[in-house]
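Here the structure comes first, spelled out in structure tokens, and everything after it is commentary.
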Amino acid sequence: MTSNNIILRKELLQKVMHNIGCSSDIYSDALHIGILKSFDNGPTGNQIQLEKHHYFVHLSFQEFFAARHLVRLLNSTTRDIAVEFIGTHKYEKRLQLVFIFASGLLIQSENTQSIHTFWDTIFGDPHDLVGIRHMQLVTVCLDETQCGCAVPHRSQSISLLLNWITFACSQNNLKLQETIAMTINSCNKIQNLPDVQIEFASLLTTAAEEHKSHIVKFITDQKITDPHKQLLESLSLQLEHYNAEIQTNTCSALRKIGEKSSNNPGD
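Every letter in the sequence shown is one number past the one before it in the UniProt record's numbering, and letter 187, counting from 1, is 187.
Here it is as structure tokens:
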């Protein structure tokens, strides 16, 4: 997992085959699944494949298998190796998908100790200097778990996101708002949590008049498919605002929420 290589060298593959007792026929069949491809783009399905380097046809396959390996380490007596890896690399952008996959796989494993170890390490030292990377990491990892109430640090994760949203909107920091919106939009569940939508509604009510238009746009950019009553009421009030731009942006927000809600397969 610590290697930055995307090529699986033949020596490594041969070692793995030997360790698991995999025959060359099974190995050859595995190449037809479509996950690995030989480096020289030659034909698959013959003995010569054992002498070739390979690569994953898509990086997400590699990241998923790395996450599975990380989960196995957490579930074993060698969990200290996993803890050290998470603590050292948790803020590296190239490994974010590994941690996202791992958070979801751990929930599926139902191994309570490993789940707590993972989240305790994510929230433990060290932290990034500013805090934005930490917020992004815990937000996307929590979303992968479907935000279940049993997830460790769930409330802390949601509060952290809400604090950043409040800060970005109160400071009218458009760049930060854009960054947070991108993080939320990479999720499927977070933006539909009642706590998050109620915070959106509260911001609309309490924000300075000169900030409201940007807050409405921030809400418009979210993929909200299950709107909370309080958010809809707060948006509806903005339709009566004296500022034409706020009225227009609010109409766009309500229209997009309506479209996404009607297209939601869960409805």
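Glycine is no exception: its CB is placed at the ideal position from the N, C-alpha and C atoms.
Handout entry: Same chain, Cβ closer than 7 Å to Ser234, five either side skipped, listed in chain order
Key = Counted from its first residue, the sequence shown places residue 234 at position 234. Correct list, in chain order: Ala201, Leu204, Thr205.
Handout entry: C-alpha distance - Asn46 paired with Ala150, whole-angstrom precision
Key = For the purposes of this step, residue 46 is taken as the residue at position 46 of the sequence shown. For the purposes of this step, residue 150 is taken as the residue at position 150 of the sequence shown. Note that Asn46 scores 48 on pLDDT, short of 50, meaning its location in the model is unreliable and no value can be drawn from it.
Handout entry: Proximal residues to Leu162 (C-beta, below 6 Å), its chain only, five neighbours per side dropped
Key = Locating residue 162 in the sequence shown gives position 162, where the first residue counts as 1. Within the same chain, Leu162 has close Cβ partners Glu199.
Practice task
Starting from the C-beta of Ile180, find all residues in its chain whose C-beta is less than 7 Å away, skip the five residues before and the five after it, and write them out in chain order.
Solution key: Taking the sequence shown and counting its residues from 1, one reaches residue 180 at position 180. Excluding positions up to five away in sequence, the list reads Trp164, Ile165, Ala168.
Practice task
Name the residue from Leu73, Lys93, Arg94 whose alpha carbon lies nearest to the alpha carbon of Glu84.
Solution key: Locating residue 84 in the sequence shown gives position 84, where the first residue counts as 1. Ranking Leu73, Lys93, Arg94 by Cα distance to Glu84 puts Leu73 first.
Exercise for the section: Tell whether a beta-carbon distance below 8 Å holds between Gln238 and Thr250. Expected result: Against the sequence shown, residue 238 aligns to sequence position 238. Against the sequence shown, residue 250 aligns to sequence position 250. In contact: Gln238 and Thr250 (Cβ atoms closer than 8 Å).
Practice task
With DSSP as the reference, label Leu129 as helix, strand or coil.
Solution key: On the sequence shown, residue 129 is found 129 positions in, with the first residue counted as 1. Reduced to three states, the DSSP call for Leu129 is coil.
Handout entry: Nearest-angstrom Cβ-Cβ length linking residue 268 and Ile190, presumed shorter than 8 Å
Key = Nothing about residue 268 can be read from this structure; the chain reaches only from 1 to 267.
Practice task
Please state whether DSSP places Asn163 in a helix, a strand or coil.
Solution key: Translated into the one-based positions of the sequence shown, residue 163 becomes position 163. Asn163 falls in the helix class under three-state DSSP.
Handout entry: From Asn185, Asn188, Lys229, residue whose alpha carbon lies closest to that of Gln197
Key = Along the sequence shown, one-based indexing puts residue 197 at 197. Ranking Asn185, Asn188, Lys229 by Cα distance to Gln197 puts Lys229 first.
Handout entry: Nearest-angstrom Cα separation, counted from Glu92 out to Val138
Key = Reading the sequence shown from its first residue, position 138 is the one you call residue 138. Reading the sequence shown from its first residue, position 92 is the one you call residue 92. Rounded to whole angstroms, the separation of the alpha carbons of Glu92 and Val138 is 13 Å.
Exercise for the section: Identify which residue in Asn264, Lys260, Glu210 has its Cα closest to the Cα of Leu245. Expected result: Sequence index remark: in the sequence shown, residue 245 carries index 245 (1-based). Residue 245 is actually Glu in this sequence, not Leu. Of the candidates Asn264, Lys260, Glu210, the one whose C-alpha sits nearest the C-alpha of Glu245 is Glu210.
Exercise for the section: Output the distance between the C-alpha atoms of Ala253 and Arg133, rounded to the nearest integer angstrom. Expected result: Position 253 of the sequence shown holds residue 253. Position 133 of the sequence shown holds residue 133. In a straight line, the C-alpha of Ala253 is about 28 Å away from that of Arg133.
Exercise for the section: Check whether the Cβ atoms of Glu144 and Gly104 lie closer than 8 Å to each other. Expected result: Residue mapping note: residue 144 aligns to position 144 of the sequence shown, counting from 1. Residue mapping note: residue 104 aligns to position 104 of the sequence shown, counting from 1. In contact: Glu144 and Gly104 (Cβ atoms closer than 8 Å).
Practice task
Express the C-alpha separation of Ser157 and Lys15 in angstroms, rounding to a whole number.
Solution key: As a position in the sequence shown, residue 15 is number 15, starting the count at 1. As a position in the sequence shown, residue 157 is number 157, starting the count at 1. Each residue's alpha carbon lies about 41 Å from the other.
Problem - Residue range of the unbroken alpha helix (DSSP H) whose run includes Gln191 - result: Position 191 of the sequence shown holds residue 191. Run containing Gln191: none; DSSP gives neither H nor E here.
Exercise for the section: Mark Asp120 as exposed unless 16 or more other C-beta atoms lie within 10 angstroms of its C-beta, in which case mark it buried. Expected result: Sequence index remark: in the sequence shown, residue 120 carries index 120 (1-based). Exposed is the call here.
Exercise for the section: Could you have a look at Gly87 and say whether DSSP puts it in helix, strand or coil? Expected result: The residue labelled residue 87 in the question sits at position 87 within the sequence shown. Here Gly87 sits in helix by DSSP.
Exercise for the section: Return helix, strand or coil for Gln146, following the three-state DSSP convention. Expected result: As a working mapping, residue 146 is identified with position 146 in the sequence shown. The answer is coil: DSSP assigns Gln146 none of H, G, I, E or B.
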